[in-house]
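**Student:**
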Amino acid sequence: MTAYIIRRLLFIGPTLLGIITLNFFIVQAAPGGPVEQMIARLQGMEVSATTRLTGSDTGEVAGGGSADTSASKYRAARGLDPALIKKIEKLYGFDQPIWMRYLKLLKSYIVFNLGESLFHGRSVMALIISKLPVSISLGVWSTLIIYLVSIPMGIRKAVSHGSSFDIWSSSAIIVGYAIPGFLFAVLLIVLFAGGVYFDWFPLRGLTSDNFASLSVWGQIVDYFWHLTLPVTAMVIGGFATLTMLTKNTFLDEIGKQYVVTARAKGLRENRVLYGHVFRNAMLIIIAGFPAAFISMFFTGAVLIETIFSLDGLGLLGFESAINRDYPVMFGSLYIFTLMGLLLKLISDITYTLVDPRIDFESRGQ
110 MTAYIIRRLL FIGPTLLGII TLNFFIVQAA PGGPVEQMIA RLQGMEVSAT TRLTGSDTGE
170 VAGGGSADTS ASKYRAARGL DPALIKKIEK LYGFDQPIWM RYLKLLKSYI VFNLGESLFH
230 GRSVMALIIS KLPVSISLGV WSTLIIYLVS IPMGIRKAVS HGSSFDIWSS SAIIVGYAIP
290 GFLFAVLLIV LFAGGVYFDW FPLRGLTSDN FASLSVWGQI VDYFWHLTLP VTAMVIGGFA
350 TLTMLTKNTF LDEIGKQYVV TARAKGLREN RVLYGHVFRN AMLIIIAGFP AAFISMFFTG
410 AVLIETIFSL DGLGLLGFES AINRDYPVMF GSLYIFTLMG LLLKLISDIT YTLVDPRIDF
470 ESRGQ
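Per the working numbering, the very first residue in the sequence shown carries number 110; after that it's consecutive.
Here it is in structure tokens:
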């Protein structure tokens, strides 16, 4: 297993390189980059605002300059001095050729220097770290609740297949799956956050303004008080997939010969179910954990974070894509991809813990 782990760790580097390279050149080729974004902002500002943005060199720019072709590259640059366009390009590093920017990016990422945000005025790493508490809270608790509820429910549905419990529970989770998370979030606000009926839960932030002055127990209560509605909105649609996957996997295993043999030997049903069936049935569920966690952690919470005013990684990634904040886009992609690859490795290791018969190393994988 050690050799397999080492091979997988060595494979992470080329995978990261391929993903970053592909996305770098695709994004760079897309219109509406940071230079165009700044030009569009300048076109809507007064001269005084432009003066503040360009600093002490503005006098030189405002004084005019020779005709230059740099402005012709940007359709929105009409009426702006070519020298100003050059300063904006230099500010964002676009005065260098694309291959030089690419090599500079790779050199920085090797030492985990993700650069500076173009529009936030902070380092990308500091931005990501500042957003982590929200995203970790939503991702971890949502995934934990989904697994703690869906797996026992799926097992119960498999054991009582065709019963009234199986039928009504299937109907309930399918209805929950059909309701979009953001729509359910709005419904929760209307019902429980002062919308129309009750005003039981807060609408903004992960903690209260007086969080630091609360006791330890008070901080715990306040934390979960703020998380209740957003986590509920996120998990409501997550039960269906895992519950049905657990049920179908257990049904498939229950019908196999080794289960019939175990029952014929007189083993108790719980021993058969959790001592034999569980180990085999859980393999496919474990395999899907990294994808489920990453999806819940980073991509599934964008609208939920927006609706409940939670400033997390999902909202940061969305805003950086809209604003073409390239350092944040690529830095987030780098971190997310690295975490996904490491979680996949952890998933494979968990395979062997659940079922020691699985040996990735002997298979040369």
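Backbone N, C-alpha and C define an ideal beta-carbon position, used for all residues, glycine too. Quantities reported herein were computed from a predicted structural model and do not represent experimental measurements.
Per DSSP, what kind of secondary structure is D331 in: helix, strand or coil?
**Tutor:** Along the sequence shown, one-based indexing puts residue 331 at 222. Helix, per DSSP.
**Student:** Use the C-beta contact count for K216: other C-beta atoms within 10 angstroms, 16 or more gives buried, fewer gives exposed.
**Tutor:** Position 107 of the sequence shown, counted from the first residue, corresponds to residue 216. Label assigned to K216: exposed.
**Student:** Pair every Cβ in the region 409–420 with every Cβ in the region 229–238, then say whether three or more of these pairs are closer than 8 Å.
**Tutor:** Contact between the region 409–420 and the region 229–238 is absent, because fewer than three Cβ pairs lie under 8 Å.
**Student:** Using DSSP bridges, identify the partner residues of S232.
**Tutor:** Locating residue 232 in the sequence shown gives position 123, counting from the first residue. Paired residues: E225.
**Student:** Rounding to the nearest angstrom, what Cα-Cα distance links I260 and P206 in this structure?
**Tutor:** Walking along the sequence shown from the start, residue 260 turns up at place 151. Walking along the sequence shown from the start, residue 206 turns up at place 97. Those two C-alpha atoms are separated by around 53 Å.
**Student:** Would DSSP call T459 helix, strand or coil?
**Tutor:** As a working note, residue 459 is residue 350 in the sequence shown. Looking at T459 - three-state DSSP - the assignment turns out to be helix.
**Student:** Which same chain residues end up closer than 7 Å to T446 when comparing Cβ atoms and leaving out the 5 residues on each side of it in sequence?
**Tutor:** Counting from 1 along the sequence shown, the entry for residue 446 is found at position 337. Here the set comprises L125 and I128.
**Student:** Can you tell me where the alpha helix (DSSP H) with A373 in it begins and where it stops?
**Tutor:** Taking the sequence shown and counting its residues from 1, the one referred to as residue 373 is at position 264. Q366 to A373 is the extent of the alpha helix (DSSP H) around A373.
**Student:** Looking only at its chain, what residues have a beta carbon closer than 7 Å to the beta carbon of A371, apart from the 5 residues adjacent to it on each side?
**Tutor:** Indexing the sequence shown from 1 puts residue 371 at position 262. Same-chain partners within the cutoff: V381 and H385.
**Student:** DSSP on A158, reduced to helix/strand/coil?
**Tutor:** Here the question's residue 158 lines up with position 49 in the sequence shown. Per-residue confidence for A158 stands at a pLDDT of 36, beneath the threshold of 50, marking its modelled position as unreliable; the derived number appears in the next sentence. In the structure shown, A158 sits in a helix (DSSP, three-state: H, G or I).
**Student:** Would the region 218–229 count as touching the region 421–438 if we require 3 or more Cβ pairs under 8 Å?
**Tutor:** Touching, yes.
**Student:** Straight-line CA distance for T352 to I115?
**Tutor:** The count along the sequence shown starts at 1 and reaches residue 352 at position 243. The count along the sequence shown starts at 1 and reaches residue 115 at position 6. Cα to Cα, T352 sits roughly 34 Å from I115.
**Student:** Look up A302 in the DSSP assignment and give the residues it is bridged to.
**Tutor:** Here residue 302 refers to the residue found at position 193 of the sequence shown. According to DSSP, which records beta bridges pairwise, A302 is partnered with D308.
**Student:** In terms of residues, what are the limits of the alpha helix (DSSP H) holding Q137?
**Tutor:** Residue mapping note: residue 137 aligns to position 28 of the sequence shown, counting from 1. Run containing Q137: T111 to A138, per the alpha helix (DSSP H) assignment.
**Student:** So, for G421: in the same chain, excluding its five sequence neighbours on each side, which residues have a beta-carbon less than 7 Å away from its beta-carbon?
**Tutor:** On the sequence shown, residue 421 is found 312 positions in, with the first residue counted as 1. Within the same chain, G421 has close Cβ partners K240, V243, S244, L247, A410 and E414.
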